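In my numbering, the protein residues as written are 1211 to 1578. For each residue, glycine too, the CB sits at the ideal point set by N, CA and C. Computed from a prediction, not measured in an experiment: that's the story for all the values here.
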Amino acid sequence: MAAYILRRFALMIPTLFGIMLVSFTIVQFLPGGPIERIAAQMRGTDAGATASFSGGGSDIAQMAQPGAAGASTDSRYGGARGLDPELVKELEKQFGFDKPPAERFFSMIKNYLTFDFGKSYFRDASVLKLIKEKLPVSISIGLWLTLLSYAVSIPLGIRKAVKDGTKFDIWTSTAVIAGHAIPAFAFAILLIVLFAGGSVFNWFPLRGLSSENAQQLSWPAWILDYFWHLVLPLTAMGISSFATITFLTKNSFLDEIRKQYVMTARAKGLTERRVLYGHVFRNAMLLVIAGFPSAFIGAFFSGSILIENIFHLDGLGLLSFESLIKRDYAVVFATLYVYSCIGLLLNLLSDLIYTWIDPRIDFETREV
1211 MAAYILRRFA LMIPTLFGIM LVSFTIVQFL PGGPIERIAA QMRGTDAGAT ASFSGGGSDI
1271 AQMAQPGAAG ASTDSRYGGA RGLDPELVKE LEKQFGFDKP PAERFFSMIK NYLTFDFGKS
1331 YFRDASVLKL IKEKLPVSIS IGLWLTLLSY AVSIPLGIRK AVKDGTKFDI WTSTAVIAGH
1391 AIPAFAFAIL LIVLFAGGSV FNWFPLRGLS SENAQQLSWP AWILDYFWHL VLPLTAMGIS
1451 SFATITFLTK NSFLDEIRKQ YVMTARAKGL TERRVLYGHV FRNAMLLVIA GFPSAFIGAF
1511 FSGSILIENI FHLDGLGLLS FESLIKRDYA VVFATLYVYS CIGLLLNLLS DLIYTWIDPR
1571 IDFETREV
């Protein structure tokens, strides 16, 4: 197993390299960029404040004025046409665009190996500091959503397998499929309207994971406040996450129940509960439990961006979204790198869980 783990870690390096290379190459062809955004801010045509650009001061702002002396009419940055060439050169130097793309990419990879992500283009903070501040929120949402999904879906799936074909199975299948079909963002808006002061009740908070006075609360009160803020986000995301695990659990149990060893156990006079949980459970739950890391990855990546925006949760998903809109590529690439590292590590963890659940699985004898 140690050799397999080492091979997997060795494989992560070219995988990360490929992810970053493809993303970096795509960004080179995207319209717009930080220089164009700075130009738009200086002209007053961008929603962001000019103050968000921290370099150059009033001299740069003066050069940016339309009709300024020496203003360029030919620039390789479409949105920066009409700006003084010296300003464009200064912006290129600040953002590192004065170097060839290949040199910038390999310099970025070299720094990322030591988690040196540099400084945000439009925030007066290091990228690593921003990620450290936002990551716990996204992990919190992803982890609790995954635990909630498993806590509901596994017992429900087992019950559906035992009651296969009954009214309980039919009605629960209908409810689970209907929930899966509801978009998380639409259900989130409905919950806000109904329970967060929209027009009916004002039972739950609308934003954040803690109240303003959370620091003054006792530990029990703080924990209660924390989970109270999680109710609506987790409900919105969880309503569509039960279907996959529920039906996977049901089908796994049905497949095992029909096997010969189960008939033998029943013939020996074992109770149905002993057969179900003493013999069937371990084999049937192999795929379900081993998929826990993958389920967390899905909740961590796909759900966080929309839910963080709707409920104003200051997490990594919201940071990535805002950085992409603002063309803050230092933050965009750093969050992509963190996402990729987490995803690769959790995929390795998924394989290790397979061997823990079923020791008969041996990755040492197979190629990576």
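Point to revise | Residues that residue 1336 bridges to, as DSSP identifies them | key: Here residue 1336 refers to the residue found at position 126 when the sequence shown is read from its first residue. The partner list for residue 1336 (beta bridge, DSSP) reads 1329.
Beta-carbon proximity of residue 1540 to residue 1330, cut-off 7 Å: Counting from one through the sequence shown, the residue named residue 1540 turns up at place 330. Counting from one through the sequence shown, the residue named residue 1330 turns up at place 120. Cβ distance < 7 Å, so residue 1540 and residue 1330 count as in contact.
Which residues in the same chain have their Cβ closer than 6 Å to the Cβ of residue 1398, if we skip the five residues on either side of it in sequence? On the sequence shown, position 188 is the one that residue 1398 refers to. Cβ within range, chain order: 1446 and 1520.
To the nearest angstrom, report how far apart residue 1503 and residue 1365 are at their CA atoms. For this step, residue 1503 is matched to residue 293 along the sequence shown. For this step, residue 1365 is matched to residue 155 along the sequence shown. If I take the Cα positions, the gap works out to 19 Å.
Fill in: Alpha-carbon spacing of residue 1497 relative to residue 1544, whole angstroms
As a first step, residue 1497 is located in the sequence shown; it is residue number 287 there, counting from the start. As a first step, residue 1544 is located in the sequence shown; it is residue number 334 there, counting from the start. Roughly 32 Å separates the two Cα atoms.
Handout entry: Reduced DSSP secondary structure (H/G/I, E/B, other) of residue 1321
Key = Position 111 of the sequence shown, counted from the start, is the residue given in the question as residue 1321. Correct three-state label for residue 1321: helix.
- Query: CB residue 1491 to CB residue 1356, shorter than 7 Å?
  - Reply: What you label residue 1491 is simply residue 281 of the sequence shown in a count that begins at 1. What you label residue 1356 is simply residue 146 of the sequence shown in a count that begins at 1. No, they are not a contact pair.
Self-check item: Coarse secondary structure for residue 1519, derived from DSSP in three states
Solution: Counting from one through the sequence shown, the residue named residue 1519 turns up at place 309. Residue 1519 falls in the helix class under three-state DSSP.
### Neighbourhood of residue 1413 by C-beta distance below 7 Å, restricted to the same chain and skipping five residues each side
Here residue 1413 refers to the residue found at position 203 when the sequence shown is read from its first residue. Hits under 7 Å: 1405.
Among the residues of its own chain, which have a CB less than 6 Å from the CB of residue 1386, if the five just before and after it don't count? Taking the sequence shown and counting its residues from 1, the one referred to as residue 1386 is at position 176. Cβ within range, chain order: 1452, 1453 and 1456.
| task | Return the Cβ separation of residue 1230 and residue 1565 in integer angstroms, given the expectation that the two are a contact with Cβ distance under 8 Å. | result | Numbered from 1 along the sequence shown, position 20 holds the residue referred to as residue 1230. Numbered from 1 along the sequence shown, position 355 holds the residue referred to as residue 1565. Not quite, the Cβ-Cβ distance comes to about 30 Å (not below 8 Å), so this is no contact.
* **Proximity of residue 1354 and residue 1442 at Cβ, strictly below 7 Å** => Along the sequence shown, read from residue 1 onward, the residue named residue 1354 stands at position 144. Along the sequence shown, read from residue 1 onward, the residue named residue 1442 stands at position 232. No. Outside cutoff.
Distance between residue 1304 and residue 1247 (C-alpha atoms, nearest Å)
The residue you call residue 1247 lines up with position 37 of the sequence shown. The residue you call residue 1304 lines up with position 94 of the sequence shown. So the alpha carbons of these two residues sit roughly 14 Å apart.
What residue range does the alpha helix (DSSP H) around residue 1457 cover?
As a working mapping, residue 1457 is identified with position 247 in the sequence shown. 1452 to 1467 is the extent of the alpha helix (DSSP H) around residue 1457.
In chain order, what residues of the same chain lie with their CB nearer than 7 Å to the CB of residue 1550, ignoring the 5 residues before and after it? Working through the sequence shown from its first residue, we reach residue 1550 at position 340. Here the set comprises 1226 and 1229.
ask   = Excluding five sequence neighbours on each side, which residues of the same chain lie with their C-beta closer than 8 Å to the C-beta of residue 1233?
value = Here residue 1233 refers to the residue found at position 23 of the sequence shown. Cβ neighbours of residue 1233 beyond the five flanking positions: 1543 and 1546.
Whole alpha helix (DSSP H) runs in the stretch 1401 to 1448 with 4 or more residues, listed along the chain?
-> 1429 to 1448
What is the DSSP secondary structure of residue 1486, reduced to helix, strand or coil? For the purposes of this step, residue 1486 is taken as the residue at position 276 of the sequence shown. Residue state, collapsed to three classes: helix.
Contacting residues, own chain, Cβ-Cβ under 6 Å from residue 1222 (five flanking each side not counted): For the purposes of this step, residue 1222 is taken as residue 12 along the sequence shown, with counting starting at 1. Once the five neighbours on either side are set aside, the close Cβ partners of residue 1222 are 1554.
Neighbourhood of residue 1374 by C-beta, 7 Å cutoff - its chain only, sequence neighbours within 5 removed: Along the sequence shown, one-based indexing puts residue 1374 at 164. Correct list, in chain order: 1464.
Three-state class that DSSP yields for residue 1346 in the structure shown: Here residue 1346 corresponds to residue number 136 of the sequence shown, with the count starting at 1. Here residue 1346 sits in helix by DSSP.
- prompt: Given a threshold of 16 other Cβ atoms within 10 Å of its Cβ, counted over all protein chains shown, does residue 1342 qualify as buried or as exposed?
  reply: Counting from 1 along the sequence shown, the entry for residue 1342 is found at position 132. The residue is exposed, with fewer than 16 neighbouring Cβ atoms inside 10 Å.
**Message:** Quick check: the Cα distance between residue 1501 and residue 1371, rounded to an integer number of angstroms?
**Reply:** By one-based count along the sequence shown, residue 1501 stands at place 291. By one-based count along the sequence shown, residue 1371 stands at place 161. Each residue's Cα considered, the two are about 19 Å apart.
Alpha-carbon spacing of residue 1556 relative to residue 1240, whole angstroms | For the purposes of this step, residue 1556 is taken as the residue at position 346 of the sequence shown. For the purposes of this step, residue 1240 is taken as the residue at position 30 of the sequence shown. Between residue 1556 and residue 1240, the C-alpha separation is close to 31 Å.
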